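In my numbering, the protein residues as written are 254 to 1223.
Each residue gets a CB set at the ideal place from its N, CA and C atoms; glycine is no exception.
Please read these numbers as outputs of a predicted model, since none were measured by experiment.
Presented below is the structure to which this report refers.
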Amino acid sequence: MPVRGAAGGRPWGPIRPENTQAGKLAEFLRARVDESGKTLAVLAGEVNVSKSQVSAYLAGKIPPQPFVTALIRATVPPLLRERRQEEAAGMLRDAVLPPRTARAAPSTRPTEGAVDIAAVQALQIETYDRLTRSLEQQGELRQAADNSAKLIMVLLGVIYRLQERVTGLAAERDQLRNGAGDAEVKAADERLSQALGQQTRAQEELERAEEKKRQAEALSSQLQERIDELTDELDRLRGPSSPPHDILHVPAGSGGRSHAGAHEVPRDPGGDDIDVVLARVRAVNDTDDDTVTRISTETGLDPSVHERVPDNPVTSADHRDNRSLEQLSTTAEKAAENGSAAEAAAAYGALARASIRLLGPTYPDTFTRRYEHAHWTGETGDAAATLDLYVGILRDETTALGPDHHETLGTRHLLAGWTGRSGDPAVARDLLATLIADSKRVRGAENPETLFARQEHAHWTGEAGAPETARDLYAALATDRERVHGPDHTGTLLAHHEHARWTGVAGAPETARDLYADHITDRERVHGPDHPDTLNTRHEHAHWTGEAGDPETARDLYADLVPDQERAQGPDHSDTLNTRHEDARWTGEAGDPETARDLYAGLVPDRERAEGPEHANALLARHEHARWTGVAGDPETARDLYADLVTDRERVHGPDHPDTLNTRHEHAYWTGEAGDLAIARDLYSALLPNRHRVQGADHPGTLNTRHEHALLTGEAGDPAAARDLLAALVPDSERALGPDHPDTQLTREGLAFWTGEAGDPVTARDLYADLITDVTRALGPDHPETLHARREFARWTGEAGDPVTARDLYLNLITEHERLVGADDSGTLISRAGLARWTGRAGSPARARDLCKELLPDLQRTLLPDDHATLDTHHDQAHFTGEAGAPEKARALFEALVPYLAELLGEDHRRTLWNRHKLARWTGRAGQPAAAHTLYRELVVDHTRVLGADHPDTLTSVREHVYWAGKAGL
C-alpha cells in the first residue's frame, strides 16, 4: 500500500548502459524528463518513438542523434535548450565513441630523414574521415534496427487479427453454402482468399523485418570493431599532445535516416485497410533492406556473420563463457534462491544464450530458460529490457508452436503486462483485448487464464485513463468469477476489491466506501482478520471513507487498524508505517492539527530507523510533520522544520528536484505565516527563477509560487505591486490551467482584493462582480467560494461609496449563510461583522455599535482570538461607540484594545498601529487635544520607522499630529 499523497509516478528502473558514457547520457536525459513533468506517454508522441523504445534509450541503450535532439526539444525550456543540446551532443559522442587514454607515441630521435609532418596530417584527416563515415553508417544501421523492431510489433498484431478474420470468414462461408445464393458464396470466398493472402504477406514481411533487424545489428557490431581500430589509429597519429576525441563530433544526422513510414504504421490497424498497412510495411522494409545492402557493399562486411564462433566448443570447461549447461543452470538456480534479482537475471541470461547456441532458440528447455531470464530481468525493475525479451520469445513461439498454443497465449499475456509497466497502458489494454478474444476461442470463456486476462485488461484500462470503463469491466468480471469459481475464490475477491477501487477513482467515493465495507466481511470470513489482504481492504475502506467527506470516521478506522497491523505484520512493516501516515493525515483533516503533528512526530523516527533517513517516505513524513505543526498554530517551528528539510532535500535529491522546490515553497509560506512578510516575499522571489528554469513558466508549481509571491508583496506593504503581479498572472493562469480552474479563480480574487487595497475600490467592486458570475457558473451559487466572492463584493461596494447597498448585500448574505451552513459558521459571522460596519457607515452608528456588541461573544466563542473578524469587530465597536456620541467611551475601548493587540500581534503590526491612530483621535475628540498631540507624535516616529516616511498611514499621522497641536495651542 503506497503512501497516498507521495510524489506520483512509477520510479525509474535501473540504468544498464552499453558503456559508462551511455549511462551518463541516460542519467542526463532522465533528469530532463523529470524536470519537464511529462510522462513517457506524452513524450513518445512528441519525439515520434514508441514508449518502450523511449524506456530503452533512457535505460542506457545508445540512442540515435534525432532522438536526443527531439527529447531535448520536448523537455527543455527554450532559454536552456541550446546549452542542453550541446551537453547531450557531447555525451552522445562519448557514448558512441568511448574516450580512451591516449597512448604515448613511440619515442623517436630526430634524424636527417625526419617524418614529413604534412604527410602525417594528411593521414590523420583521411583516418578521421573514415571514422566519421563509419559512425554515420552505424547510426543508419541502428535506425534500421529500430524500424524493424517497431514493424515486428505491428506485424505480430496484424497476424493475430488476420487469424481471427480468417476463422470468422471461413465460418461465414460455410454457413452461406448451406442456403445462400452462388453470388454470396462467391463473395465470401473472395473475402476469405483476400484474408489468406494478407496473412501470407504479413508473415513474409515479419520474417523480412526480423532478418533486417538481425543483419543491421550484426553489421553495427562489426562496424564497432572498425570504429575501435580507427580510433586507436587516430590516437596514435595524433600522439600524446592532444586529448583523445578533441575534434571528433557526431555529425548532424548521424543517427540515420528516420523512415516516416515506420512511425506512421498504426499499432492497431483495426478498421484500416490491411492492404494499405502491408504496403506501408513493405515500403519500410524495402528502404531498410537498401540501407543494409548499401552499407554492406560500402564496408565490405558480411551481415550474415553476426556472432564470433569461440575457439573452444561450448561445452568446454576451460573457458568462463563455455561452461556446460548444467553448470550454468546450477549457478542460475543458486542466484535465484539467494533472491538477488540482478545476479539471477545475469545468470539466466548466460544460460539462455548458451542454450540457444547448443540447442536452438525453440527447444523446450531453451524456452524455459528464456522465460526465467525475462522473469528475473523484470524483477530488477528494467521494464524495457524485459519487454524486449518477451517480444523475442513470442516471435519464436509463434513460429514453433503456432499462435493458438497455450504457451504462445501465455507469453502474449506477459508481453501485454510489461508493455503497461514500460509506460504504455493504452497499448497494454489493446493487446489484452485481442488476447481475450483469442483465449475465449481457444480455451473457452470460463478458462482461468481467460478470466485472468480480463482482470489485467480491466486494470490497464483504468491506468490508461478510463476509470469508469475499468469499474464496469471489474463489475462484470466479479459476476463471472463468482458464477464460475464461487464467491470465496481468490480471483473473485480480487475482482470485488478492484471494482471498489476503480469505483472510487471514477468519482464515487461514497459507493467505494460501501463496497469496501461489505468486502471486509468477506475477506475476514475467507482469510481471517490478520491476513494481509484483509488488512489491505480495511486500509482502502478507511481511505475512501475520508475521500467521501468523513475524515473523523477515516481517522478512527485507521487508528483501529494500526495495532492490528503492528501485531500481524510488525511495527516496521511498510504497510504498518503507511497506515500510521494515513492515520495522522486524517486526524489533521478531521480538525485536530495538534494530534496530527504529534502523530507525525512519532512516525518520523520510526520511518528513518526502518527505511533510512533519506528514504522518500521518511522525508515525506517530515514534510507533513512540519505542515501540521504550522496548521496547529506554531508557524515559527514549521518554518524552521522546513528550513532543515530544504537542506536535506537538496543533499538527497539535488536543488532542482520537484520535492526540493515544493519544500522551499512551503518554507517561504510558513515564514510569512510566522510574521516575516518581507523575508517570505524574498524567498518566493528567489524560488521563482528555479521554478521557471526547471519546470517551465506554465507548470502549476511555478504559477502557484508567482501567486504567493504577489500576495506576500501586498502583505509586506506594497499593494500596488501585488496588484500588478496578479494582473500579469491572471492571463497566464487562464491559458495554462483554464479559466474555471480553482487556482485561476483564486488569482482573480487576489487581483480584485489588492486592486481595492491599492486605492481603487470601484475597479475592485467590478472585478468581484465579474468573478461572482464565473464562480457561480463553475461551482454553483451555494459553494463557499461563491459566498466568499459575494462578501468581498459587498465590502468593496461600500468602499466605492455605496454603504447602503453594501449593508443590504450583507443582510441577504447572512440569511443564505445561516440556511446553508448555520449561525456559527465563520462565513455567517464575517457577514454579520460586515453588516455592522456598513450599517454604521450608512448613518446608523448606534445600531452598528449594538450589532458589534451582540456579535463579539459569538466570535470569541467560535473563532480564534486573533481572527480578523474578531479584531475588526472590536475596532468597529469602539469606533461606532464614539460616532454614536460617546467619545470618552470610545477612547476607553481603544485604550483597552491597543495593548491587547500589541501583545497578540506585536508593537509594529499594522493593525496595532492603526488602532493607536484611532486611540489618539478619540482622545482628542474626548476633549484632550494635548494628550492626542502626544500620542500622534509617538505614532509618527513608529510609522516612519516601520512603514517609511512616504507611506499613506505615516502621512495621515503627521497631519493629525499637526491638527491636534493647533487644537492644543502648541
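| Asked | Found |
| --- | --- |
| What residue does the alpha helix (DSSP H) around Y616 start on, and which one ends it? | Here Y616 belongs to no alpha helix (DSSP H), and DSSP marks it neither H nor E. |
| Beta-carbon within less than 7 Å of T958's beta-carbon, same chain only, minus the 5 sequence neighbours each way: which residues are those? | H918, Y937, L940, L941 and R944 |
| DSSP three-state call for R734: helix, strand or coil? | helix |
| Using a Cβ-Cβ cut-off of 8 Å (strictly less than) and excluding sequence neighbours within five positions of V857, which residues of its own chain qualify? | A871, A874, R875 and H878 |
| Please report the distance separating the alpha-carbon of V300 from that of R665. | 27 Å |
| Count the CB pairs spanning the stretch 1121-1136 and the stretch 1145-1154 that are closer than 8 Å, and state whether there are at least three. | yes |
| In chain order, what residues of the same chain have a beta carbon less than 6 Å from the beta carbon of A669, not counting five sequence neighbours either side? | A681, L684 and L685 |
| Exposed or buried, P267, counting other C-beta atoms within 10 Å across all chains shown (16 or more means buried)? | exposed |
| Output the distance between the C-alpha atoms of A323 and L1066, rounded to the nearest integer angstrom. | 56 Å |
| Starting from G673, follow the alpha helix (DSSP H) in both directions and report where the run begins and ends. | H659 to R674 |
| With DSSP run on the structure shown, which of helix, strand or coil describes L843? | Inspection of the sequence shows that residue 843 is occupied by Ala rather than by Leu. Residue state, collapsed to three classes: coil. |
| Can you give the Cα-Cα distance for P995 and L965, rounded to whole angstroms? | 20 Å |
| Taking Q822 as part of the alpha helix (DSSP H), name the residues at either end of that continuous run. | P804 to Q822 |
| Rounded to a whole number of angstroms, what is the C-alpha to C-alpha distance between M344 and L914? | 27 Å |
| Please state whether DSSP places K277 in a helix, a strand or coil. | helix |
| Classify G757: buried if its beta carbon has 16 or more other beta carbons within 10 angstroms, exposed otherwise. | buried |
| What are the start and end residues of each continuous alpha helix (DSSP H) run of 4 or more residues lying completely inside the stretch 934-994, in chain order? | 953-968 and 972-990 |
| Do L979 and G1012 come within 9 Å of each other at the CB atom, strictly closer than that value? | no |
| In whole angstroms, what separates the C-alpha of T1026 from that of Q998? | 11 Å |
| CB A711 to CB L688, shorter than 9 Å? | no |
| Kindly provide the ranges of any alpha helix (DSSP H) runs that are 4 or more residues long and lie completely inside the stretch 1041-1094, ordered along the chain. | 1056-1073 and 1079-1094 |
| Curious, which full-length alpha helix (DSSP H) runs of at least 4 residues does the stretch 828-872 contain? | 846-864 |
| Compare the Cα-Cα distances from G1009 to each of Q274, R1048 and E596 and report the closest residue. | R1048 |
| Residues in its own chain within less than 7 Å of T924 by CB, not counting five upstream and five downstream? | R892, I932, A933 and L936 |
| Are at least three pairs of beta-carbons, each pair with one atom in the stretch 1054-1063 and one in the stretch 1025-1039, less than 8 Å apart? | no |
| Three-state secondary structure (DSSP) at Y1216? | helix |
| Give the DSSP-derived three-state secondary structure of L1116 in the structure shown. | coil |
| If we call anything under 9 Å between Cβ atoms a contact, is R1102 one with G1051? | no |
| If we count the other Cβ atoms within 10 Å of its Cβ and call it buried at 16 or more, is G392 buried or exposed? | buried |
| Out of curiosity, what's the CA-to-CA distance linking L1277 and P1205? | Limits of the chain in this structure are 254 at one end and 1223 at the other, which puts residue 1277 out of reach. |
| Is it the case that the Cβ atoms of E702 and H659 are separated by a distance below 9 Å? | yes |
| Label I378 either buried or exposed according to how many other C-beta atoms from any shown protein chain fall within 10 Å of its C-beta, with 16 as the threshold for buried. | exposed |
| Looking at the structure shown, is I609 part of a helix, part of a strand, or coil, going by DSSP? | helix |
| CB-CB under 7 Å to W1217, same chain, minus the five flanking residues each way: which ones, in chain order? | G1177, P1182, A1185, H1186 and Y1189 |
| Would D836 and R808 qualify as a contact pair, given that the criterion is a beta-carbon distance under 9 Å? | yes |
| Looking at the secondary structure, which residues open and close the alpha helix (DSSP H) in which V530 lies? | I527 to T552 |
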